[in-house]
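Chains as they are written, first to last, in the UniProt record's numbering: chain B, 1 to 345; chain C, 1 to 259.
We treat Cβ as the ideally placed atom computed from N, Cα and C, and that holds for glycine.
Working notes, beginning with the structure itself.
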Amino acid sequence: MNQQNATAAAEPDLAEEFLDRSTPLRTVRNLLHRHPAISPAIVLIAAVAVFGGLNERFLEPSNLSLVSQQVAVVGTLALAQTLIILTAGIDLSVGAVMVLASMVVAQTTVQNGVPAAVGLVLGLAVGLGAGALNGLLVTRLKLPPFIVTLGSLNVFLALTLLYSGGATVRGGDMPDLLTLTGETFSLGGVNITIGVVMMLVLYVALALILHGTAWGRHVYAAGDDPEAARLAGIRVQRVLASVYLAAGAILAVAAWIQIGRSNAASPNTGVDLNLDSITAVVIGGTSLFGGRGTVWGTLLGALIVGVFRNGLALVGVDILWQTFAVGVLIIAAVSIDQWIRKARA
Amino acid sequence: MSTDESGSREPILQATGLVKTYGRVVGLDGVDLDLYPGEVLAVIGDNGAGKSTLIKCLTGAEIPNEGEIRLEGRRVQFKRPQDARALGIETVYQTLAVSPALDIAANLFLGRELRKPGPLGTVLRAVDVKRMRQRAKEELAELGITTLQDVTVPVENLSGGQRQAVAVARAAAFGSKVVVLDEPTAALGVRESRQVLELIASLRDRGVPVILISHNMPQVFEVADRIHIQRLGKRAATITPRSHSMTDAVAIMTGAARA
């Protein structure tokens with residue numbers, strides 16, 4: 001009986017080995033599997049080449065500067081989103097948390113007269129508080145992240161409107177420190193904002209942390225196979241909670257970048273950016289099933305979305321077709337991800 | 001009651017009178033188990049006999065209601081798997097509990113990564129990838145695992161047998177006192193099972209005592225020094241492959257005979 005079972009189990013194994021021929025397509029798939037950032041890199045280069053060819057204004061420094069500024073906010077949100085998606089979660093509330101934090105920063109400094117630095121710390125506290133709330137609901141009540149953040153999205157939106165009374169705080173009324181992220185300097189003719197630099201610094205820091213620390217490896221392991229991670233002695237729930245906290249901190253920085261970018265804090269700007277952040281992560285090759293992906297892929301994904309929106313607008317394509325194009329990109333990216341995931345030997 | 005050929009030696013791991021209930025269901029009903037240094041002890045039993053529960057209690061995955069566990073003569077209590085692991089009891093699960101996207105070296109050190117020396121490691125908590133890869137290579141070579149040459153390959157690119165080899169190597173590495181293998185060949189083909197059995201033998205040759213839970217009688221009789229037969233939440237007998245046949249073992253397992 002047992003031996004029969006063993007023989008039966010061996011057959012698919014042998015069959016698999018028999019079929020395991022190295023075709024060029026399989027080689028490509030294995031390459032993409034090991035380096036998931038390759039495909040978004042190719043898409044980005046192709047998109048830049050096509051839009052540069054279609055409209056000469058696309059590659060002008062002023063336009064590239066605009067693209068970089070458009071990417072700064074979404075790129076930072078997407079960084080927080082990457083952390084959460086790496087653990088096989090999803091955060092629908094990133095945009096709402098950012099807006100709430102930005103309103104708290106702006107209102108406390110402008111209306112309550114606290115020093116700008118203290119206002120920023122309060123914003124950080126909002127981000128961490130929101131992250132802690134999401135994280136506790138996911139790890140303690142074991143609710144699916146989708147549901148938790150769908151709920152907290154609405155809670156944070158309502159809190160933002162209640163707190164701000166729906167009023168926008170103008171950048172001109174704020175201390176300079178708050179709008180610092182919108183200040184620019186020139187790099188080879190391209191105007192770069194401090195916000196863009198901050199975003200890039202966050203990317204470098206998180207890339208180093210994810211690859212160079214035990215915590216980073218545990219994030220991947222927890223998203224990849226939570227049970228295996230637990231059996232290896234990793235406190236998976238604790239890792240998950242820390243991921244939501246870290247994401248909250250990043251969202252607070254995104255709030256600062258957003259204030260500089262729009263030179264205002266408005267309760268209505270950026271609340272819909274949660275979907276764009278997910279788009280950037282997915283296009284960047286990070287798997288929605290967790291455990292696979294890189295922050296650099298996400299940066300490429302954010303750039304692709306920015307380049308597509310900007311390029312299509314320059315070419316004169318209706319904004320609805322821009323959205324259509326982004327939708328096609330998402331579906332294509334997820335299809336490629338599914339295909340790549342079959343590359344297990 | 002049991003055929004104990006280990007004489008008067010002290011068991012390295014000893015469980016006495018373990019009881020574990022789940023509501024009204026009795027998983028373990030006062031079970032004893034002895035593991036002696038340098039032996040492979042197989043644990044067999046029918047479904048529901050309490051094999052898994054017994055192993056879970058020994059490895060900290062479950063907390064027994066009653067009874068005591070002694071490791072090297074000292075009483076120990078495990079609240080979670082990490083506790084057992086910290087004292088040198090390592091477990092390999094049948095589910096190939098490895099992280100597919102991480103490479104072989106990262107899997108071997110998962111949960112106990114080596115830090116870089118100096119402030120980089122202590123303050124910034126940076127892991128020492130180079131040293132982990134070096135140690136991983138040495139460990140695999142010492143276990144005679146020759147099929148895994150490149151420790152930077154993601155585990156998902158490995159075959160089932162190779163993955164299980166990684167899991168076994170992880171358990172055997174780092175000076176563990178006891179290695180527990182829960183149905184290590186259940187998910188594997190014939191050739192891959194053979195690799196794992198050879199690995200078990202090589203563990204014993206290194207002096208690491210092994211507890212092997214298995215359904216597969218031929219494998220058990222091939223590799224085990226002693227066989228603990230679990231029945232109805234208790235130890236029905238401990239036999240050896242020399243003193244009893246497979247038929248005897250099955251008879252004891254099913255209650256048709258006594259040891």
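Cβ of L79 of chain B within 8 Å of any chain C Cβ: Sequence index remark: in the first sequence, residue 79 of chain B carries index 79 (1-based). Chain C, which has no Cβ nearer than 8 Å to the Cβ of L79 of chain B, makes this no.
Residues sharing a beta bridge with S186 of chain B, DSSP: Against the first sequence, residue 186 of chain B aligns to sequence position 186. BP columns for S186 of chain B point to B:N191.
Among C:A256, C:P11, C:G45, C:T21, the one whose alpha carbon lies nearest that of L33 of chain C: For the purposes of this step, residue 33 of chain C is taken as residue 33 along the second sequence, with counting starting at 1. Comparing Cα positions, the closest option is C:P11.
Contacts of S99 of chain C in chain B (Cβ-Cβ under 8 Å): As a position in the second sequence, residue 99 of chain C is number 99, starting the count at 1. Y220, A221, D224, D225, A228, A229, A232, G291, listed in chain order.
Candidates B:V253, B:H211, B:L187, B:G248: closest to T294 of chain B by CA position: Here the question's residue 294 of chain B lines up with position 294 in the first sequence. For the residues B:V253, B:H211, B:L187, B:G248, the minimum Cα distance to T294 of chain B belongs to B:H211.
Assumed close pair V180 of chain C, T91 of chain C - CB separation to whole angstroms, cut-off 8 Å: Taking the second sequence and counting its residues from 1, the one referred to as residue 180 of chain C is at position 180. Taking the second sequence and counting its residues from 1, the one referred to as residue 91 of chain C is at position 91. Contact holds; Cβ gap of about 4 Å.
C-alpha gap between Q4 of chain B and G135 of chain B, whole angstroms: For the purposes of this step, residue 4 of chain B is taken as residue 4 along the first sequence, with counting starting at 1. For the purposes of this step, residue 135 of chain B is taken as residue 135 along the first sequence, with counting starting at 1. Note that Q4 of chain B scores 44 on pLDDT, short of 50, meaning its location in the model is unreliable; the coordinates nonetheless yield the value given after this. Cα to Cα, the separation comes out at about 48 Å.
Range of the contiguous alpha helix (DSSP H) that encloses R29 of chain B: Taking the first sequence and counting its residues from 1, the one referred to as residue 29 of chain B is at position 29. First-last of the alpha helix (DSSP H) with R29 of chain B: 24 to 34.
Within chain B, the residues that E113 of chain C reaches when beta carbons sit closer than 7 Å: Numbered from 1 along the second sequence, position 113 holds the residue referred to as residue 113 of chain C. Those within 7 Å of E113 of chain C in chain B are A214, R217.
Beta-carbon contacts of E62 of chain C that lie in its chain and below 7 Å, excluding the five residues immediately before and after: In the second sequence, the residue the question calls residue 62 of chain C occupies position 62. Hits under 7 Å: K20, T53, K56.
Short-range partners of chain B found in the region 19 to 51 of chain C, where Cβ spacing is below 9 Å: none
Proximal residues of chain B, C-beta to C-beta of Q82 of chain C below 7 Å: In the second sequence, the residue the question calls residue 82 of chain C occupies position 82. Near Q82 of chain C (Cβ distances below 7 Å), the residues of chain B are G233.
Range covered by the beta strand (DSSP E) that runs through E90 of chain C: Taking the first residue of the second sequence as 1, we reach residue 90 of chain C at position 90. Its beta strand (DSSP E) spans residues 89 to 92.
Burial state of P40 of chain B, where buried means 16 or more other Cβ atoms lie within 10 Å: Here the question's residue 40 of chain B lines up with position 40 in the first sequence. So P40 of chain B counts as buried.
Integer-rounded CB distance, given that P37 of chain C should sit under 8 Å from P241 of chain C: Stepping through the second sequence from its first residue, residue 241 of chain C is reached at position 241. Stepping through the second sequence from its first residue, residue 37 of chain C is reached at position 37. 19 Å between Cβ atoms; not a contact.
The region 248 to 259 of chain C touching the region 65 to 76 of chain C, judged by at least three CB pairs closer than 8 Å: no
Within 8 Å, strictly: CB atoms of L200 of chain B and V138 of chain B: Here the question's residue 200 of chain B lines up with position 200 in the first sequence. Here the question's residue 138 of chain B lines up with position 138 in the first sequence. Cβ distance not < 8 Å, so L200 of chain B and V138 of chain B don't count as in contact.
Collapsed DSSP secondary structure at K142 of chain B in the structure displayed: Your numbering for residue 142 of chain B matches position 142 in the first sequence. Correct three-state label for K142 of chain B: coil.
Status (buried if at least 16 other CB within 10 Å, exposed otherwise) for F185 of chain B: Numbered from 1 along the first sequence, position 185 holds the residue referred to as residue 185 of chain B. Under this definition F185 of chain B is an exposed residue.
Per-residue burial, N268 of chain B [other beta carbons within 10 Å of its own, 16 or more giving buried]: In the first sequence, counting from the first residue as 1, residue 268 of chain B sits at position 268. Answer is exposed; the Cβ neighbour count stays below 16.
Per-residue DSSP class, three states only, for L288 of chain B: Your numbering for residue 288 of chain B matches position 288 in the first sequence. Coil.
Nearest-angstrom Cβ-Cβ length linking E222 of chain C and L197 of chain C, presumed shorter than 8 Å: Here residue 222 of chain C corresponds to residue number 222 of the second sequence, with the count starting at 1. Here residue 197 of chain C corresponds to residue number 197 of the second sequence, with the count starting at 1. About 7 Å separates the two Cβ atoms, so the contact holds.
Beta carbon proximity, L102 of chain C to chain B, threshold 8 Å: The count along the second sequence starts at 1 and reaches residue 102 of chain C at position 102. Cβ-Cβ to chain B under 8 Å: yes for L102 of chain C.
CB contact check: R85 of chain C to chain B, cutoff 8 Å: If you number the second sequence from 1, residue 85 of chain C lands on position 85. It does: the Cβ of R85 of chain C has a partner Cβ on chain B nearer than 8 Å.
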